[in-house]
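To start, the structure itself, in structure tokens.
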Amino acid sequence: MGCNIYNTISKRYYTFFYFPFVTNVLPITTTITSSLLAYRNVRRIVRLQRPVFRRRLDRQMTAITLARVVVLIALGSPYIFISLYQINLNVNTNNYMQLALVELISAVSASLLHTNFSVN
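If you read the sequence shown in the working numbering, its first letter stands for residue 22, the second for the next number, and so on.
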């Protein structure tokens with residue numbers, strides 16, 4: 022496999038803090054919060070006297086933001102999960118098939134993550 026973490030303190034840090042919170046919870050909550058604020062803003066604009074064209078554009082922007090959240094969760098989460106699995110995997114030279122399978126899944130999930138960024 023590629024880079025492995027052998028220091029137990031670093032492994033615990035990546036397993037229990039970095040991957041679950043910094044790379045998963047923090048971006049998703051930030052995106053969901055901004056999407057919900059945009060949705061609330063559009064609902065408030067509907068009640069105001071604004072031109073129909075402006076309200077339609079705001080609704081479209083909100084739909085784009087909500088779709089972006091769904092794409093972020095669907096395409097970004099597999100990479101987080103396989104990275105957590107790879108950190109906690111015991112590297113043994115006898116299990117070549119398992120290592121090859123993990124590398125294949127890692128490559129597919131990395132491709133999905135790059136697809137997530139290309140959707141932007």
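Idealized CB from N, CA, C, for every residue including glycine. All values reported here derive from a predicted model rather than from experimental measurement.
- Given a length threshold of 4 residues, each whole run of the alpha helix (DSSP H) inside the segment 71–114 is given here in chain order: 73–109.
- Spanning the alpha carbons of residue 38 and residue 94 requires a straight line of approximately 19 angstroms.
- With contacts defined by Cβ atoms closer than 8 angstroms, residue 123 and residue 110 form a contacting pair.
- Here the alpha carbon of residue 127 sits roughly 11 angstroms from the alpha carbon of residue 105.
- Cβ neighbours of residue 56 within its own chain (closer than 8 angstroms, five residues either side excluded): 83, 86, 87, 89 and 90.
- Collapsing the DSSP output to three states places residue 116 in coil.
- In the structure shown, residue 137 adopts helical secondary structure according to DSSP, grouped into three states.
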